[in-house]
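Reviewing the structure listed below.
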Amino acid sequence: MIRPILKYGDDILHDPAREVEAVTPDIERPVNDMIETMYAAPGIGLAAPQVGVPLRIFVVDLSLGRDRNGLIVMINPQFVEREGVQLEEEGCLSVPGFNATVVRPSRAIVKGLDRNGDEHQHEATGLLARAFQHEMDHLDGTLFVDRLRGIKRDMIVKKIKKLSRAGKW
Ligand SMILES: [Zn+2]
1 MIRPILKYGD DILHDPAREV EAVTPDIERP VNDMIETMYA APGIGLAAPQ
51 VGVPLRIFVV DLSLGRDRNG LIVMINPQFV EREGVQLEEE GCLSVPGFNA
101 TVVRPSRAIV KGLDRNGDEH QHEATGLLAR AFQHEMDHLD GTLFVDRLRG
151 IKRDMIVKKI KKLSRAGKW
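Numbering (the working numbering), first residue to last: 1 to 169.
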């Protein structure tokens, strides 16, 4: 089921998500919904809080569903390593219409559980490392806008507030 994607300003997005206590069949539905919602958007990643589920789960697929092996499901993910710096334009399905240059690690290793409860580790560089960091941030209640400083951040927040007041957000 495609779920509505919450937008910047919704409390669930700004609060840290809870650990998944046990990977049971109950997790199948929200995970499947996240995958469907990500592909429909379309987006290369989605975190559970974005669809109103306050749990530490994210999905990423740089191939947008074209490559059968492209999908990564991470439950209770943790960073094993992070290094380097990359600066690229970034956006978010929860902040539609805005993007900004965000500083991210150039390489990251993330470990977590898959849908079957098996542990996996993924080593990523470039866009995938960026996606991992972006989705991990969501699980801590941080959006890319929160990573910006100064005028750029103020400008986006101001525009969002204006859109909210106009009922267009
Ligand atoms: Zn996002």
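Glycine included, every Cβ here is placed at the ideal spot set by N, Cα and C.
In this structure, DSSP gives Asn-32 a helical state, which the three-state scheme calls helix. The same chain holds no residue with a CB closer than 7 angstroms to that of Asp-154 once the five nearest residues on each side in sequence are set aside.
Counting along the chain, no beta strand (DSSP E) covers Gly-70, and no H or E run does either. About 11 angstroms separates the CB atoms of Met-38 and Ala-48; that is not less than 8 angstroms, and the two are not in contact.
Ordered by chain, the residues meeting the criterion of a beta-carbon within less than 6 angstroms of a non-hydrogen atom of ligand 1 are Cys-92, Leu-93, Ser-94, His-134 and His-138. Bounds of the alpha helix (DSSP H) holding Gly-126 are 126 to 139. Pro-25 sits in a helix when the DSSP states are folded into three classes. Minimum Cα-Cα distance from Pro-16 among the listed residues Gly-52, Val-80, Pro-42 and Asp-26 corresponds to Gly-52.
Lys-7 carries a coil assignment under DSSP once its states are collapsed to helix, strand and coil. DSSP, reduced to helix, strand and coil, places Thr-101 within a strand of the structure shown. When only Cα atoms are considered, Val-145 and Ala-40 end up about 23 angstroms apart.
Taking C-beta atoms under 8 angstroms as the contact rule, Val-102 and Glu-90 qualify, at a distance of about 4 angstroms. Linking Ser-164 to Ile-12 through their CA atoms gives a straight-line distance of about 17 angstroms.
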